[in-house]
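Chain order of the listed sequences is A and B. Taking my numbering, the leading residue of the first sequence gets 1, the next gets one more, and so forth. Taking my numbering, the leading residue of the second sequence gets 1001, the next gets one more, and so forth. Ideal Cβ placement from N, Cα and C applies to all residues, glycine included. Quick caveat: nothing in here was measured; it's all calculated off a predicted structure.
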Amino acid sequence: MTAETVLYILVSGVVLGSLYALMAVGLALVWTTLGIFNFAHGMFITLGAYFAWTVADGNGLGWGLAAGIAFSVAALAALGCLAEAVLVRPFLKRDNLVLVAVITTLAAATFLENATLLSRGGRSKQLAPLAEGNISMFGIGLSAHEAAIVVIAPLILYSVWLFLQRTRTGSALRAIAQNQEAALLAGIPVARLYALSFALAASLAGLVGIFLGGIKFMSPSMGTDPMVKALVVVIFGGIASISGPIRAAYVIGLLEAVCIYSIGIYWTQAALFVVMIAVLMIRPTGLFGGQRA
Amino acid sequence: MALLKIENLSKNFGALKAVSGVSFEVRKGQIFGIAGPNGSGKSTLFNIITGVPFSATSGAVWFNGQSISGIAAQKICHLGLARTYQRETAFDSLTAYQNIALGAVFGPGEREATGAATLEERVCRAAELVELDRARLARKASELSIFERKQLMLASALVMEPKAMLLDEPASSLTKPEIAETIRIIRNINARGIAIVLIEHVLPVLLSLSQRLLVLNHGEMLRLGAPDDVVRDEQVIAAYLGKRGARDAEAA
């Protein structure tokens, strides 16, 4: 293996890790605050790409990528609120909320996927990249789009972290995740913050969709595979803290890059699950779980 | 006028009557004690008074002249009713300061009770009143000792400027000196005109603080009255105190 190969694997691992981290944080946020797994998260990714494409692309409104991103993120935030109100809130008082939420979010995902297929057609589309051209670094070539992802993703993640750690609303969200009863009795408007965590998660997923849309062709089911990866990341990293899934995302991304290079893409998914199972056997709370942060 | 009025409150879990027909009144500034064997429905009573995590099967709760049965949970503290838990409950990953600040920010609701005090002043004042060391405020709640976590829980409730506090076994799992300090802290809180409803197994705490005492047994009211009379009651001795407990109670 040459030094270039190692670098190449590292860089593609970091690109993957960045995308997984953005997805996993949203998933973990909803998981910790509401205690449910949102299967519509993958559709937020898809819709993020399609909303942006509709506004940005010449075959749509043609207003350019910046407008597309702005619209997409805002629309996803609104959609997140709506999803919480329709898919979760009516069932909050039920004992089997976790199970009901699996069904409602899965149903929504199926509905949205087919709605996208009907309205936008199955033909593959592609979003404009964040930045044009290629850059070369340490002797390897890298698209400017991917380089932008590697830089932007940590900034976004850091902002989310700052929001959760330093603001009152962020503290309140963490409080709900830890003890909902006590949060209620401290006067925290829990229902409103549920909507907020859904909105935030959906916006982050939308960004992932936009990033992915500049790398691969878009399709109505483009969010499914990333969502499964994000699930692996969240379980692997442990959900006790926001930093757990982020760190795990980069570990998984790198691992995936190594697997793709060494054993091929066919066995990569299986290898990831084997590693996840092995980690959970040794550390049931996840690689970075065990203590809340 | 009663600040807190409980009217014929009951809670059933299927066939189990956890709380059954409980009625009492707590006046402004009063300390009202509640005792009873384990499983007699004391904590359930606190749960159904606040409606979190479940509400009463029947009966009514009046607070400050207003019915609070069925009111949205996060509004309870806005009215001026706060509670603590038997287990030292805190938001573990937040610092002690952040824990108290959350109550200060969200707790009082629309009430304008705080005057011009800044958030920091209010947090520090609450910590001071429960004698929680200021240097400990920067620590994560999970790093505090049991006693400090109990103090934190009291401060988080106190900072919401409540009219009444429901305290669930504030002295459990504490050492003797800590218990003495807890009694002093509760007296100081009460001295600010805050009514206290106190569930406690540690008799000296209960008897040295309570002005009225209710003993529950199997979810029902066994006896309600002045503490001295209640601990001499034959039924109370038989169901809860036992002979030795009664002697201890006399001593206390």
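#1: For residue 279 of chain A, which of A/252, A/266, A/267 and A/264 has the nearest alpha-carbon?
#2: Exposed or buried, residue 1038 of chain B, counting other C-beta atoms within 10 Å across all chains shown (16 or more means buried)?
#3: Do you know whose CA, among A/153, A/208, A/190 and A/244, lies nearest residue 49 of chain A's CA?
#4: Quick check on residue 181 of chain A - is its C-beta less than 8 Å from some C-beta in chain B?
#5: So who's on the other strand from residue 1026 of chain B, going by DSSP bridges?
#6: I'd like to know whether the C-beta atoms of residue 28 of chain A and residue 239 of chain A end up nearer to each other than 8 Å.
#7: Thinking residue 55 of chain A and residue 63 of chain A are a contact (beta carbons under 8 Å), I'd like their distance in whole angstroms, please.
#8: Counting only C-beta atoms, is residue 171 of chain A closer than 8 Å to chain B at any point?
#9: Between residue 1191 of chain B and residue 1056 of chain B, what straight-line distance do the alpha-carbon atoms span, to the nearest angstrom?
#10: To which residues of the same chain is residue 195 of chain A closer than 6 Å at the C-beta, ignoring the five residues directly before and after it?
#11: For residue 111 of chain A, count neighbouring C-beta atoms within 10 Å of its own C-beta (all shown protein chains included) and say buried if the count is 16 or more, exposed if not.
#12: Any chance the CB of residue 1220 of chain B is under 7 Å from a heavy atom of the ligand NAP?
#13: Jot down the residue ranges of each uninterrupted alpha helix (DSSP H) in the stretch 49–137 of chain A, minimum 4 residues, whole runs only, in chain order.
#14: Helix or strand or just coil, what does DSSP make of residue 237 of chain A?
#15: Tell me, please, whether the CB atom of residue 1078 of chain B is closer than 8 Å to any CB atom in chain A?
#16: Can you look up residue 38 of chain A in the DSSP assignment and give me helix, strand or coil?
#17: Which residue's Cα is closest to the Cα of residue 119 of chain A: A/150, A/60 and A/168?
#18: Residue 190 of chain A touches chain B at which residues, Cβ-Cβ below 7 Å?
#19: With DSSP as the reference, label residue 1225 of chain B as helix, strand or coil.
#20: Could you check whether residue 53 of chain A and residue 127 of chain A sit closer than 8 Å to each other, using their CB atoms as the reference points?
#21: Could you check how far apart the C-beta atoms of residue 102 of chain A and residue 39 of chain A are, in whole angstroms? I think they sit under 8 Å.
#22: Shortest alpha-carbon distance to residue 33 of chain A belongs to which of A/3, A/179, A/121 and A/16?
#23: Residue 176 of chain A to residue 1101 of chain B, Cα distance in whole Å?
#24: With DSSP as the reference, label residue 1102 of chain B as helix, strand or coil.
#25: Step through the CB atoms of chain A and report whether any lies within less than 8 Å of the CB of residue 1165 of chain B.
If we stick to the structure as given:
#1: A/252
#2: exposed
#3: Looking at the Cα atoms, A/208 is the closest of the given residues.
#4: Chain B contact via Cβ: present.
#5: Bridge partners of residue 1026 of chain B: B/1004.
#6: yes
#7: 5 Å
#8: yes
#9: 31 Å
#10: 81 and 84
#11: exposed
#12: Of ligands this structure carries none, so the ligand NAP is not represented either.
#13: 65–83 and 97–120
#14: In the structure shown, residue 237 of chain A sits in a helix (DSSP, three-state: H, G or I).
#15: Cβ-Cβ to chain A under 8 Å: yes for residue 1078 of chain B.
#16: coil
#17: Selected option, being the one with the closest Cα: A/60.
#18: 1074, listed in chain order.
#19: Strand.
#20: Yes; because the gap between Cβ atoms is below 8 Å, this pair is in contact.
#21: 7 Å
#22: Measuring from the Cα of residue 33 of chain A, the nearest candidate turns out to be A/179.
#23: In this structure, the CA atom of residue 176 of chain A is about 15 Å from the CA atom of residue 1101 of chain B.
#24: helix
#25: no
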